[in-house]
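In our numbering, the protein residues as written are -11 to 180.
Shown next, in structure tokens, is the structure this report addresses.
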């Protein structure tokens, strides 16, 4: 599927929300981070608790900070970071309500780990969105519109996000060749 084909599958209203959010809150060269903490909890690894999730998010934060330091040296401005997570209020869940509710109880501490990135987070209420599916589509399109993508956790939705990102960035061969993944305790930690 080519990137312009995505318009066929998504509501033009939701695509406009994503474009508006990017224009008002990010720069054309922003990076994005997508975290599926729930997938770390259910990954089948020996340690599947909130401590493991915090460790993985700390590893991701360090990786993004390294990227920011490198990019900020070569540009005249700080690269903004968009963040989408499954422990946000409107995020969906697939493995059971109990696991995601346990993550949501830790939202403040998880976001504090990410605080050095100064992430920009989509606020559905600013656009009168209340449907989890609509929010997911908007966030996917924001993630896919970035110039750099970091993902953590894995899962089918995250694979879809990565596919959308690669389709939108298909002219940048160098970017495709810099995919780096680690799959130890964190299930999936990749940079595109």
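All residues carry an ideal CB built from backbone N, CA and C; glycine is no exception.
- Contact between residue 134 and residue 70 is confirmed by a C-beta separation of about 6 Å, below the 8 Å threshold.
- Beta-bridge annotation (DSSP): residue 71 is paired with 21 and 109.
- The DSSP-derived three-state label of residue 179 is strand.
- Secondary structure note for residue 137: its beta strand (DSSP E) is the uninterrupted segment 136 to 140.
- About 7 Å separates the beta carbons of residue 53 and residue 105, which is inside the 8 Å limit, making them a contact pair.
- When the alpha-carbon of residue 107 is set against those of 123, 138, 144 and 125, the nearest one is in 138.
- Proximity of the segment 36 to 45 to the segment 111 to 126 falls short of the contact definition, fewer than three beta-carbon pairs being nearer than 8 Å.
- Straight across, the Cα-Cα distance linking residue 29 with residue 40 is about 8 Å.
- In this structure, residue 131 sits away from residue 50, with a CB-CB distance that is not shorter than 8 Å.
- In the structure shown, residue 169 adopts extended strand secondary structure according to DSSP, grouped into three states.
- The beta carbon of residue 56 sits closer than 6 Å to those of 67, all from its chain and outside the five residues before and after it, given in chain order.
- For residue 174, the three-state secondary structure derived from DSSP is coil.
- Its chain contains 67 as the residues whose beta carbon lies nearer than 7 Å to that of residue 59, once the 5 sequence neighbours on both sides are disregarded; these appear in chain order.
- Around the beta carbon of residue 103, a 10 Å sphere encloses fewer than 16 other beta carbons of the protein chains shown; the residue is thus reported as exposed.
- Each residue's CA atom was taken as its position, placing residue 114 and residue 18 some 21 Å apart.
- In the three-state reduction of the DSSP assignment, residue 1 falls in the helix class.
- In the DSSP assignment, residue 103 falls outside any alpha helix (DSSP H) and carries neither an H nor an E.
- Note that the C-beta distance between residue 180 and residue 154 is below 8 Å.
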